[in-house]
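The sequence shown begins at 1 in UniProt numbering and counts up one residue at a time.
Heads up: the structure comes next, in structure tokens.
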Amino acid sequence: MTSIQSPAASPTARLSGFEDLAARHRALLADEPNLRRRNAAERLGVSELDLLLAGGDGAVSQRLRPEFKDILARVPTLGPVMVLTRNDSIVHEKTGPYNAPSFDGMVGLVLGEAIDLRIFLWHWAHAVAATETSPRGARRSLHFFDKAGGALHKIYLVEGSDPGAFDALTAAFLLHDPAPLALEALAPAKVPLPDSDIDQAGFIAGWDALQDTHEFHGLLTKFKLARQQALRLAGEARARPVAPTALRTVLTAAAEAETPIMVFVGNPGIIQIHTGPVKKLLEMGPWFNVMDPDFNLHIFEPTITHAWVVYKPTADGVVTSLELFDAQETLVASLFGKRKPGQAEDSAWRALVAALPTLGAQ
């Protein structure tokens, strides 16, 4: 996907391109008024960043300098916010205070009871402040995009937020006389090694020696494994396949039993985490949803094609997770029982996941 703003385009050409895109977007919304911007961008063959800047849905947007650490450091001044992180299968929304982030190089953390994030800044390329009109008044938001113009993370003001602080943040980081957008195609996914080239014995020995779940990514890198390939090669004592509907099953069981859980959803630029109960579940066509006051989860079930129950050893005992993948074998969500380092896994969560039948078992 290429931007309508090529680096060599003149201001007049860029304006004309945006006017045409805005008109096409308005025509699309006239027929489908509830169409989300991400889906509209796909239909129109442009990036979500282009569509936001074109403003065909009434959004007024301003590009910000890509000083992401400094921008995020100012977000706590906004008061409570709603943060949204998604991939092609799942949308994860959390509302609450956005605590001050901390960074170790390009990796950031936002830690809080409500908003809990893991940030990977090498994927972040563009920032935009937007104001949209709605029946309830102006809605202000911050949007962060990758180099191809795909949305990574969004921050919305809510009731109790400080609009003045948002305007001050926008003014502080406004990109004056911005150069034309230069969007780039993302690098294709790496092709995994064939199973025959993997040191399976070394990999399994490394798995059995894990002391922390965070070591798992390094294990995959060391043995050059794709994640689902690793689960498939690990053996059922370490990872077993379950039905793709396992996410719905687990959320329903957790809600009925009032079992607190952790729900991780992300994309290459960020992971967003919910820790706590899930209560109100709602099916809407192909979407299965959690609709709690401060946590919404929207799952487009047809895109989830593989699910695994995974058992990782740690210094605190075995930690059990449910991992969900799409047809491209991309991890779209992981679920755990509520726990902190130094704590054993919740037995109620372990029993809940153990009840999932192994796929293909007789």
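Here a beta-carbon is modelled for each residue, glycine too, at the ideal position from N, C-alpha and C.
This structure is a prediction, so every number in the text was calculated from the model and none was measured.
Check                                                                                                                                         : Outcome
Beta-carbon proximity check, residue 233 vs residue 261, cutoff 9 Å                                                                           : no
Residue 92 classed as buried or exposed, judged by whether at least 16 other C-beta atoms fall within 10 angstroms                            : buried
DSSP state of residue 214 mapped onto helix, strand, coil                                                                                     : helix
Residue from 268, 324, 158, 287 with nearest C-alpha to residue 106                                                                           : 268
Opening and closing residue of the beta strand (DSSP E) in which residue 208 lies                                                             : Here residue 208 belongs to no beta strand (DSSP E); instead the alpha helix (DSSP H) covers 200-208.
Beta-carbon separation (whole angstroms), residue 76 vs residue 98, contact threshold 8 Å                                                     : 5 Å
Within 9 Å, strictly: CB atoms of residue 356 and residue 304                                                                                 : no
Residue nearest to residue 145 in terms of C-alpha spacing, selected from 114, 38, 94, 319                                                    : 38
Every unbroken beta strand (DSSP E) inside the UniProt domain "Haemin-degrading HemS/ChuX" (45-173) [3 residues or more]                      : 60-64, 81-86, 90-96, 102-104, 107-110, 116-120, 126-134, 137-145, 151-157
DSSP bridge partner residues for residue 222 (one or two, in chain order)                                                                     : Answer is none; residue 222 lacks a bridge partner.
In DSSP terms, what residue 241 is bridged to                                                                                                 : 308
Among 70, 330, 308, the one whose alpha carbon lies nearest that of residue 242                                                               : 308
Rounded C-alpha distance that separates residue 121 from residue 360                                                                          : 40 Å
Contiguous alpha helix (DSSP H) assignments of at least 4 residues, all confined to the UniProt domain "Haemin-degrading HemS/ChuX" (225-356) : 227-234, 246-257, 347-354
Coil, strand or helix - residue 182 by DSSP                                                                                                   : coil
Span separating the alpha-carbon of residue 152 from that of residue 204                                                                      : 34 Å
Same chain only: Cβ atoms within 6 Å of residue 313, ignoring 5 sequence neighbours per side                                                  : 210
Distance between residue 130 and residue 149 (C-alpha atoms, nearest Å)                                                                       : 15 Å
When 154, 329, 132 are compared against residue 227, the one with the closest alpha-carbon                                                    : 329
Residue 24 - DSSP class collapsed to helix/strand/coil                                                                                        : helix
Coil, strand or helix - residue 177 by DSSP                                                                                                   : coil
Sub-9 Å separation of residue 111 and residue 83 beta-carbons                                                                                 : no
Local Cβ density within 10 Å of residue 23, reported as buried at 16 or more and exposed below that                                           : exposed
Cβ contact (3+ pairs, closer than 8 Å) linking the stretch 52-66 and the stretch 172-179                                                      : yes
Pair within 9 Å by beta-carbon distance, residue 299 and residue 333                                                                          : yes
Residue 48 versus 27, 21, 30, residue with shortest Cα-Cα distance                                                                            : 21
Burial state of residue 323 (16 or more Cβ within 10 Å)                                                                                       : buried
Distance between beta carbons of residue 81 and residue 134, contact taken as under 8 Å                                                       : Actually they are not in contact, since the Cβ atoms of residue 134 and residue 81 sit about 16 Å apart, beyond 8 Å.
Per-residue DSSP class, three states only, for residue 34                                                                                     : coil
Inter-residue spacing [alpha-carbon to alpha-carbon] between residue 223 and residue 212                                                      : 18 Å
Close beta carbons around residue 103, own chain, < 7 Å, minus the five adjacent residues each side                                           : 69
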